[in-house]
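Going left to right, the sequence shown walks through residues 317 to 539 as this note's numbering numbers them.
These notes concern the structure reproduced below.
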Amino acid sequence: MFDKMKSSAESYGVIGLGRFGTALVKTLAAAGKEVIAVDKDEAKVKAVRGYTDYAFVIDELNETSLKETGMQNCGTVTICIGEQIDISILTTMLVTKLGVPHVISKAASEVHGEVLKRLGAEVVYPEADMAVRIGKRLISGNLLDYIALGDGVEVRRITVGGRMLGKSVRTLDLRKVYGINIIAVEHGQQTNVEFSADYTFKEGDTVAVIGKVGKIDKFEREM
Numbered sequence: 317m318f319d320k321m322k323s324s325a326e327s328y329g330v331i332g333l334g335r336f337g338t339a340l341v342k343t344l345a346a347a348g349k350e351v352i353a354v355d356k357d358e359a360k361v362k363a364v365r366g367y368t369d370y371a372f373v374i375d376e377l378n379e380t381s382l383k384e385t386g387m388q389n390c391g392t393v394t395i396c397i398g399e400q401i402d403i404s405i406l407t408t409m410l411v412t413k414l415g416v417p418h419v420i421s422k423a424a425s426e427v428h429g430e431v432l433k434r435l436g437a438e439v440v441y442p443e444a445d446m447a448v449r450i451g452k453r454l455i456s457g458n459l460l461d462y463i464a465l466g467d468g469v470e471v472r473r474i475t476v477g478g479r480m481l482g483k484s485v486r487t488l489d490l491r492k493v494y495g496i497n498i499i500a501v502e503h504g505q506q507t508n509v510e511f512s513a514d515y516t517f518k519e520g521d522t523v524a525v526i527g528k529v530g531k532i533d534k535f536e537r538e539m
């Protein structure tokens, strides 16, 4: 019997420890989250044991083996088996049946994704999402990075230039003019989240803004 983790909405399950799954375990663990990680490959499980106390080898994915790990106690479970479509679908069905509130499944194609959605999972397309991310960075030389938050909202890092130079946060009043908010100002190696409204932008500054995609796009064009 495995040493099971207690039920918690703040705990996470990751099934499948390929590059995507392993990176997810490390990211969640680094944020202080409790993670159950499972895979049939002992070497892959061993590789994440430095990040979580709940890393298990499962030879056969079924309801019993998943319950033994405590997977049903997780608030969110991500199934990272996109390439093996039949196993991905079966595992998504099993995790949904366990009553996990939030199930995320990696899909290899749109058809695969549609099946997973019908099973009640939120679907991610890691390769496609990364392509979009890279494409956005290539299209806009001013766009350094972004995080999509859903419902058309993004956090985006933008290099200060053009009409922003020499202007203060108060003068630009981005909330009123564009409907977006500055959440951080970076200069050199320093990031300031408690900047004054009188802070004046200078060459080399980068700002992190949050707002609807269209409004941030408009701000970038006009600045």
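Even glycine gets a Cβ: it sits at the ideal position worked out from N, Cα and C.
Considering residue i, what are the terminal residues of the alpha helix (DSSP H) in which it resides?
| i | result |
| --- | --- |
| D402 | I401 to K413 |
| D533 | V529 to E538 |
| V341 | R335 to A346 |
| V361 | E358 to V364 |
| V393 | Where V393 is concerned, there is no enclosing alpha helix (DSSP H), although the beta strand (DSSP E) it sits in stretches over C390 to I395. |
| V493 | L490 to V493 |
Measure the Cβ-Cβ separation of residue i and residue j and say whether it is below 8 Å.
| i | j | result |
| --- | --- | --- |
| V523 | E470 | no |
| V393 | I374 | no |
| L410 | E379 | yes |
| L382 | L414 | yes |
| C390 | G334 | no |
| N508 | G527 | no |
| R368 | V351 | At residue 368 the sequence reads Thr, which differs from the Arg that was named. Yes, these two residues count as a Cβ contact at 8 Å. |
| Q388 | V416 | yes |
| K349 | E326 | yes |
Quick one: what does DSSP say residue i is sitting in, helix, strand or coil?
| i | result |
| --- | --- |
| T380 | helix |
| D369 | coil |
| V439 | strand |
| A513 | coil |
| Q540 | Within the shown structure, residues of the chain are numbered from 317 to 539, placing residue 540 beyond reach of any answer. |
| K483 | coil |
| G332 | coil |
| K422 | strand |
| E326 | strand |
| T522 | strand |
| V431 | helix |
Can you tell me where the beta strand (DSSP E) holding residue i begins and where it ends?
| i | result |
| --- | --- |
| G468 | Premise fails: G468 is in no beta strand (DSSP E) and is neither H nor E. |
| V354 | E350 to D355 |
Rounded to whole angstroms, how far is the Cβ of residue i from the Cβ of residue j, which I believe are closer than 8 Å?
| i | j | result |
| --- | --- | --- |
| V525 | R472 | 6 Å |
| F517 | K483 | 6 Å |
| A371 | T412 | Not a contact, Cβ separation roughly 23 Å. |
| E536 | L481 | Between L481 and E536 the Cβ distance is about 15 Å, and since that is not below 8 Å, they are no contact. |
| E502 | D521 | 7 Å |
Is any beta-carbon of chain C found at less than 8 Å from that of residue i?
| i | result |
| --- | --- |
| M387 | No chain C appears in the structure shown, which is made up of a single protein chain. |
Can you find at least 3 beta carbon pairs, one from the stretch 422-434 and one from the stretch 484-504, that sit closer than 8 Å?
-> no
Segment contact, 8 Å Cβ cut-off, at least three pairs: the stretch 436-444 with the stretch 413-427 | yes
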